[in-house]
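*Asks:* Numbering (my numbering), first residue to last: 1 to 465. Glycine is no exception: its CB is placed at the ideal position from the N, C-alpha and C atoms.
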Ligand code: CO
């Protein structure tokens with residue numbers, strides 16, 4: 001039997017899930033060489049919300065962080081998470097932007113790009129896959145895992161096969177909500193291993209309390225790689241703990257080849273850092289709570305707390321259970337989209353509107369209208385006709401790949417920002433987060449605003465997503 005491989009997620013999903021992505025580069029660099037020697041298959045260090053958080057909250061250049069990590073990591077593959085045609089943002093970007101962003105990510109040090117589409121619309125992955133392969137990196141296509149009457153075993157098998165055909169070097173089952181139960185994981189992994197000729201990875205979250213059981217069953221079924229986070233940044237809404245999984249699997253026939261002593265040293269390094277975030281209130285104790293309702297409502301942990309805070313600000317906390325029951329109904333109306341960024345936020349907001357306004361779809365956010373028009377891609381199941389009429393009337397629904405409607409944009413942005421920067425990395429930061437990046441470039445040019453002793457003044461604001 002082949003050994004289980006481990007992807008360490010602390011430096012991306014771990015801190016994104018527990019401390020709103022607030023690890024700074026200087027928290028990471030002192031331990032990165034030790035992490036490089038632990039025996040991980042890969043480390044997820046970039047993408048997701050890290051890019052936005054660097055610029056928005058930490059006054060850091062995300063590209064510089066990547067280069068600093070790359071220069072110290074010699075043995076372990078560096079991995080990032082990419083939302084397909086949405087890159088690291090919340091809307092579709094034109095192909096020229098997607099191609100340039102991927103090329104620069106790889107040039108600056110990324111080895112593996114995990115790319116997914118919120119709707120599992122494979123057309124939204126085409127440009128990314130081509131660009132990743134062209135730049136010579138490992139292309140991992142991720143299935144956004146969810147459950148519904150259309151998300152059957154056959155559905156996932158067909159999707160994974162289509163991804164392999166598209167050029168994927170490996171497949172990931174991305175269970176962003178932590179709703180993949182151990183027995184279902186066994187069945188799904190077994191089935192996918194039967195039909196795929198490329199490695200299979202599993203990504204889950206501990207939110208509902210079953211994550212490590214899910215991994216154990218997936219390993220029994222033959223999964224090649226699992227995603228774990230070193231203990232200080234594990235469990236709760238993050239991944240199962242690396243040490244716990246490794247110590248468990250060590251007794252089996254697929255023992256991972258990992259240095260347990262080094263894992264302990266890495267954990268010891270991160271413990272006081274976690275404590276600091278706890279004292280500052282960045283680590284919300286709620287994220288460490290076990291939330292088995294996740295399995296019942298199929299709502300990711302981050303979305304639960306987001307719904308609660310939306311209701312709080314409307315003085316309607318008592319409607320929480322009602323909103324939780326409305327979420328699956330909205331999902332069904334909209335053709336069962338998986339609840340992952342940006343769909344999780346969109347469906348959640350619609351559910352809140354439906355409950356608070358007292359009439360379903362009386363108020364509809366712009367994003368939901370665009371979704372119904374097909375601008376996010378094809379919904380997994382057809383959208384309820386009656387609801388569609390109520391939301392967009394007789395407006396046209398597109399059937400082409402959404403990015404086919406977008407013309408090139410790089411030159412336009414280049415021109416806009418040329419007084420502040422001419423580097424392609426900066427231009428890409430600007431395209432993704434225009435206001436935030438512009439302010440970052442201005443601060444960088446103005447030495448008065450940057451701190452002379454190097455202790456940056458960080459404003460801790462929760463990301464509400
Ligand atoms: Co995740």
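Does residue 459 pass the burial test, meaning 16 or more other C-beta atoms within 10 Å, or should it be called exposed?
*Replies:* For this step, residue 459 is matched to residue 459 along the chain shown. With a pLDDT of 33 at residue 459, under the threshold of 50, the predicted position of this residue should be treated as unreliable, and no value is reported.
*Asks:* The alpha helix (DSSP H) that contains residue 96, what's its start and end?
*Replies:* As a position in the chain shown, residue 96 is number 96, starting the count at 1. 95-107 is the extent of the alpha helix (DSSP H) around residue 96.
*Asks:* Return the chain-ordered list of same chain residues with a C-beta closer than 7 angstroms to the C-beta of residue 157, the five sequence neighbours on each side being excluded.
*Replies:* Taking the first residue of the chain shown as 1, we reach residue 157 at position 157. Excluding positions up to five away in sequence, the list reads 191, 192, 195.
*Asks:* Under the DSSP definition of a beta bridge, which residues are partnered with residue 81?
*Replies:* Taking the chain shown and counting its residues from 1, the one referred to as residue 81 is at position 81. Residue 81 is bridged to 47, 114.
*Asks:* Below 8 angstroms between beta carbons: does that hold for residue 118 and residue 338?
*Replies:* Counting from 1 along the chain shown, the entry for residue 118 is found at position 118. Counting from 1 along the chain shown, the entry for residue 338 is found at position 338. Their beta carbons are under 8 angstroms apart, which means residue 118 touches residue 338 by this criterion.
*Asks:* Name the residue from 40, 333, 15 whose alpha carbon lies nearest to the alpha carbon of residue 28.
*Replies:* Position 28 of the chain shown, counting from 1, holds the residue named residue 28. Among 40, 333, 15, the Cα nearest to that of residue 28 belongs to 15.
*Asks:* In whole angstroms, give me the CA-to-CA distance for residue 2 and residue 173.
*Replies:* What you label residue 2 is simply residue 2 of the chain shown in a count that begins at 1. What you label residue 173 is simply residue 173 of the chain shown in a count that begins at 1. Those two C-alpha atoms are separated by around 19 angstroms.
*Asks:* Between which residues of its own chain and residue 544 is the CB-CB distance below 7 angstroms, once the five residues before and five after are set aside?
*Replies:* Past the edges of the chain, shown from 1 to 465, lies residue 544, and the structure says nothing about it.
*Asks:* Starting from residue 180, trace the alpha helix (DSSP H) in both directions and tell me its first and last residue.
*Replies:* Looking up residue 180 in the chain shown gives position 180. Where residue 180 is concerned, there is no enclosing alpha helix (DSSP H), given that its DSSP letter is neither H nor E.
*Asks:* Going by C-alpha to C-alpha distance, which of 106, 124, 102, 108 sits closest to residue 378?
*Replies:* Working through the chain shown from its first residue, we reach residue 378 at position 378. If we check each option's Cα against that of residue 378, 124 comes out closest.
*Asks:* Please tell me whether residue 208 and residue 294 are closer than 8 angstroms, where the distance is taken between their beta carbons.
*Replies:* In the chain shown, the residue the question calls residue 208 occupies position 208. In the chain shown, the residue the question calls residue 294 occupies position 294. Cβ distance < 8 angstroms, so residue 208 and residue 294 count as in contact.
*Asks:* Excluding the 5 residues flanking residue 18 on each side, which residues of the same chain have their C-beta closer than 7 angstroms to its C-beta?
*Replies:* By one-based count along the chain shown, residue 18 stands at place 18. Closer than 7 angstroms at the Cβ level, and outside the excluded window around residue 18, lie 233, 236, 237, 238, 283, 287.
*Asks:* According to the neighbour-count rule (16 or more other Cβ atoms, all chains shown, within 10 Å of its Cβ), is residue 450 buried or exposed?
*Replies:* On the chain shown, position 450 is the one that residue 450 refers to. In this prediction, residue 450 has a pLDDT of 47, which is less than 50 and means its spatial position is unreliable; what the coordinates show is noted afterwards. It is exposed - the Cβ of residue 450 has fewer than 16 other Cβ atoms within 10 Å.
*Asks:* To the nearest angstrom, report how far apart residue 457 and residue 80 are at their CA atoms.
*Replies:* As a working mapping, residue 457 is identified with position 457 in the chain shown. As a working mapping, residue 80 is identified with position 80 in the chain shown. Low per-residue confidence applies at residue 457: pLDDT is 36, beneath 50, and the placement is therefore not dependable, though the value from the model is reported in the following sentence. Rounded to whole angstroms, residue 457 to residue 80 spans 27 angstroms at the Cα level.
*Asks:* Assign residue 197 to buried or exposed, taking buried as 16 or more other Cβ atoms, counted over all protein chains shown, within 10 Å of its Cβ.
*Replies:* Residue mapping note: residue 197 aligns to position 197 of the chain shown, counting from 1. Answer is exposed; the Cβ neighbour count stays below 16.
*Asks:* Going by C-alpha to C-alpha distance, which of 347, 381, 184, 178 sits closest to residue 292?
*Replies:* Walking along the chain shown from the start, residue 292 turns up at place 292. Among 347, 381, 184, 178, the Cα nearest to that of residue 292 is on 178.
*Asks:* What span of residues does the beta strand (DSSP E) with residue 140 cover, start to end?
*Replies:* In the chain shown, residue 140 corresponds to position 140, counting from 1. Here the beta strand (DSSP E) through residue 140 covers 138-144.
*Asks:* Quick one: does the C-beta of residue 176 sit closer than 7 angstroms to a heavy atom of the ligand CO?
*Replies:* Walking along the chain shown from the start, residue 176 turns up at place 176. For the ligand CO, at least one heavy atom lies less than 7 angstroms from the Cβ of residue 176.
*Asks:* CB-CB under 6 angstroms to residue 146, same chain, minus the five flanking residues each way: which ones, in chain order?
*Replies:* Here residue 146 is taken as the residue at index 146 of the chain shown, counted from 1. Here the set comprises 338.
*Asks:* Buried or exposed: where does residue 86 fall if 16 or more other Cβ atoms within 10 Å of its Cβ makes it buried?
*Replies:* Taking the first residue of the chain shown as 1, we reach residue 86 at position 86. Classification of residue 86: buried, given that the 10 Å Cβ count is 16 or more.
*Asks:* Since residue 38 and residue 258 are thought to touch, with beta carbons under 8 angstroms apart, how far apart are those beta carbons, to the nearest angstrom?
*Replies:* The sequence position of residue 38 within the chain shown is 38, counting from 1. The sequence position of residue 258 within the chain shown is 258, counting from 1. Between residue 258 and residue 38 the Cβ distance is about 6 angstroms, and since that is below 8 angstroms, they are a contact.
*Asks:* Whole alpha helix (DSSP H) runs in the stretch 364-410 with 4 or more residues, listed along the chain?
*Replies:* DSSP runs (the alpha helix (DSSP H)) wholly in the stretch 364-410: 366-372, 385-392.
*Asks:* Should residue 404 be counted as a contact of the ligand CO given a C-beta to heavy atom distance under 7 angstroms?
*Replies:* To locate residue 404, count along the chain shown from 1; it is residue 404. No, the beta carbon of residue 404 sits no closer than 7 angstroms to any heavy atom of the ligand CO.
*Asks:* Cβ atoms of residue 11 and residue 44: under 8 angstroms apart, would you say?
*Replies:* Residue mapping note: residue 44 aligns to position 44 of the chain shown, counting from 1. Residue mapping note: residue 11 aligns to position 11 of the chain shown, counting from 1. Yes; because the gap between Cβ atoms is below 8 angstroms, this pair is in contact.
*Asks:* Taking one C-beta from the stretch 326-334 and one from the stretch 372-390 each time, how about it: are there three or more such pairs within less than 8 angstroms?
*Replies:* At 8 angstroms Cβ cutoff, the stretches touch.
*Asks:* My assumption, with CB atoms under 8 angstroms, is that residue 5 sits in contact with residue 224. Please give the rounded CB distance.
*Replies:* Reading the chain shown from its first residue, position 5 is the one you call residue 5. Reading the chain shown from its first residue, position 224 is the one you call residue 224. Yes, residue 5 and residue 224 are in contact; Cβ-Cβ is about 6 angstroms, under 8 angstroms.
*Asks:* List the endpoints of the continuous alpha helix (DSSP H) containing residue 322.
*Replies:* For this step, residue 322 is matched to residue 322 along the chain shown. Here the alpha helix (DSSP H) through residue 322 covers 320-333.
*Asks:* Going by beta carbon distance, what residues of the same chain come within less than 6 angstroms of residue 364, once the five residues before and after it are set aside?
*Replies:* Residue 364 sits at position 364 when you count from the first residue of the chain shown. Closer than 6 angstroms at the Cβ level, and outside the excluded window around residue 364, lie 391.
*Asks:* Specify the secondary structure class of residue 170 as computed by DSSP and reduced to three states.
*Replies:* Residue mapping note: residue 170 aligns to position 170 of the chain shown, counting from 1. Three-state result, residue 170: strand.
*Asks:* Looking at the structure shown, is residue 343 part of a helix, part of a strand, or coil, going by DSSP?
*Replies:* If you number the chain shown from 1, residue 343 lands on position 343. If DSSP states are grouped into helix, strand and coil, residue 343 belongs with the helices.
*Asks:* So, residue 83 versus residue 57, is the Cβ gap smaller than 8 angstroms?
*Replies:* Numbered from 1 along the chain shown, position 83 holds the residue referred to as residue 83. Numbered from 1 along the chain shown, position 57 holds the residue referred to as residue 57. No, these two residues do not count as a Cβ contact at 8 angstroms.
*Asks:* Tell me whether residue 114 is buried or exposed, calling it buried when 16 or more other Cβ atoms sit within 10 Å of its Cβ.
*Replies:* Locating residue 114 in the chain shown gives position 114, counting from the first residue. Counting Cβ neighbours within 10 Å, residue 114 comes out buried, since at least 16 surround it.
*Asks:* Under a three-way DSSP split, which group does residue 429 fall into?
*Replies:* Start at 1 with the first residue of the chain shown, and residue 429 comes out as number 429. In this structure, residue 429 counts as helix in the three-state DSSP scheme.
*Asks:* With distances taken between CB atoms, is the gap from residue 60 to residue 25 smaller than 8 angstroms?
*Replies:* In the chain shown, residue 60 corresponds to position 60, counting from 1. In the chain shown, residue 25 corresponds to position 25, counting from 1. Result yes, Cβ atoms of residue 60 and residue 25 sit closer than 8 angstroms.
*Asks:* Can you tell me whether DSSP reads residue 460 as helix, strand or coil?
*Replies:* Locating residue 460 in the chain shown gives position 460, counting from the first residue. Any reading at residue 460 must be qualified, since the residue scores a pLDDT of 30, below 50, and its modelled position is unreliable; the value itself is stated next. Coil, per DSSP.
*Asks:* Looking at the strands, I want to know which residues DSSP matches up with residue 241.
*Replies:* Counted from its first residue, the chain shown places residue 241 at position 241. According to DSSP, which records beta bridges pairwise, residue 241 is partnered with 229.
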